[in-house]
Amino acid sequence: MTTALITHSAFVGHDTGAHHPERSDRMRAIDKVLEHEVYKDLVRHEAPLRDDDAEYIVMAHRPSHLQRMRDAVEGVKEGGRHIDGDTVVSPGSWEAARRAVGAGLDAVDMVMAREAANVFCQVRPPGHHAESHKAMGFCLFNNIAIAAHYARAKHGAERVAVVDFDVHHGNGTQQIFWSDKDLFYGSTHQMPLFPGTGDVSETGAGNIFNAPLREGDGRATFEDAFRERILAPLHNFAPDVVFISAGFDAHRDDPLGGLQLVEADFLWATEQLTGIARRHANGRVVSMLEGGYNLTGLARSVAVHVKTLMETGR
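If you read the sequence shown in our numbering, its first letter stands for residue 3, the second for the next number, and so on.
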């Protein structure tokens, strides 16, 4: 079996400005590192514009949110427009956002059809802060929540899990999954930190598992929290497919966080999650890029993450 990479040049066209943390240079940094000979066996696909994407977007978002995002982008003639203090749209944002959604949908099709063992979606804008009714935190649509709903609606997956190791809590994914016991959300994240959610007391329908970390925490604390608060309940949940909200801003060099993780920690987490997937989900893993804003740390972390997907997917 192979590992697939889904991306598209249109993601560079989501123009947030030269000094915005979530800028096009992130794609270029990842593109460069994945050109290495080590990644020659990656099966590369273009993220699509799917005619049916609206049908699945509204499984995670209100129809009014879909319309607001379309209107927000159509109202931009040049440059960028702030939806809120952090979240920017430009004329290229609608295509980028739809292709990010399409990447997740195609990734699900691939792993469910056994066309790939696992898939990494190198996309932007990211998604895990977008709630059912609003964009926020650099995110327009919740790409991974949409893909999770699609796995159930289109492919009959009964139990779907999202695990998130971004330094910021995925408030949007938690909010969308909150009352659905067949959707698992587990997150390690720094707290206190934006968006202010993610306490251990936030448990939804018994399907939400938060493992907050403190500023300065590193490998030992991260691994303990990941094992006890994420992996143990994930094993009990026995997912049919595992999604990874792959944010790399918990890296010690990232400007937006204060955790002390390094590339080896993301490798370890990826190994743990692919192990769970092999045991319960026929190895099916869909990983979608979230944060990561130090370009060197981002590129190196994505490199080990993808290499681990390739090694465990063989």
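Each residue gets a CB set at the ideal place from its N, CA and C atoms; glycine is no exception.
A74 and I85 have their C-alpha atoms roughly 8 Å apart. DSSP places A6 inside the beta strand (DSSP E), whose first and last residues are T5 to T9. Contact between the stretch 107–127 and the stretch 3–21 is established, with three or more Cβ pairs separated by less than 8 Å.
The beta-carbon separation of H170 and G218, rounded to 16 Å, does not stay under the 8 Å limit for a contact. In this structure, A49 lies away from A99, with their beta-carbon atoms at least 8 Å apart. Considering only G220, G172 and R216, the residue with the shortest C-alpha distance to E204 is G172. In chain order, L7 place their CB closer than 7 Å to the CB of R46, counting only its own chain and leaving out the 5 sequence neighbours on each side. Beta-bridge analysis with DSSP links L215 to Q192. Two segments are said to touch when three or more pairs of C-beta atoms, one from each, lie closer than 8 Å; by this definition the stretch 262–274 touches the stretch 218–231.
Comparing alpha carbon positions, the residue from W180, L215, P197 and H307 closest to N209 is W180. Of the candidates R101, F196, T310 and D168, the residue whose Cα lies closest to the Cα of G188 is D168. With 16 or more other Cβ atoms from the protein chains shown falling within 10 Å of its own Cβ, M290 counts as buried. Here N120 carries a strand assignment [DSSP, helix/strand/coil].
Per DSSP, A115 lies in no alpha helix (DSSP H) and is assigned neither H nor E. With respect to the C-alpha of N284, the residue from M114, M29 and D17 having the closest C-alpha is M114.
Sequence-distant Cβ neighbours of T4 in its own chain, meaning closer than 6 Å and more than five residues away, are V45 and A118. One Cα belongs to P93, the other to R281, and the distance between them is close to 44 Å. If only uninterrupted alpha helix (DSSP H) runs of at least 4 residues are considered, those enclosed by the stretch 128–203 are 145–157 and 173–179.
For E48, the uninterrupted beta strand (DSSP E) run begins and ends at V45 to E48, by DSSP. Contact check between the stretch 182–197 and the stretch 64–83: fewer than three CB pairs, one atom from each, fall below 8 Å, which does not count as touching. For F245, the enclosing beta strand (DSSP E) starts and ends at V243 to A248.
Put simply, of S134, H237 and T18 the residue whose alpha carbon is nearest the alpha carbon of Q176 is S134. Within 10 angstroms of the beta-carbon of G77 lie fewer than 16 other beta-carbons, which makes it exposed. Secondary-structure assignment with DSSP links R30 through no beta bridge to anything. Straight across, the Cα-Cα distance linking R83 with R70 is about 13 Å. Residue state for R25 is assigned as coil, using DSSP reduced to three classes. The C-beta distance from M29 to R126 rounds to 6 Å, short enough to meet the 8 Å contact threshold.
For the 8 Å CB-CB criterion, D242 and A137 do not form a contact. For V75, the enclosing alpha helix (DSSP H) stretches over residues P65 to E76.
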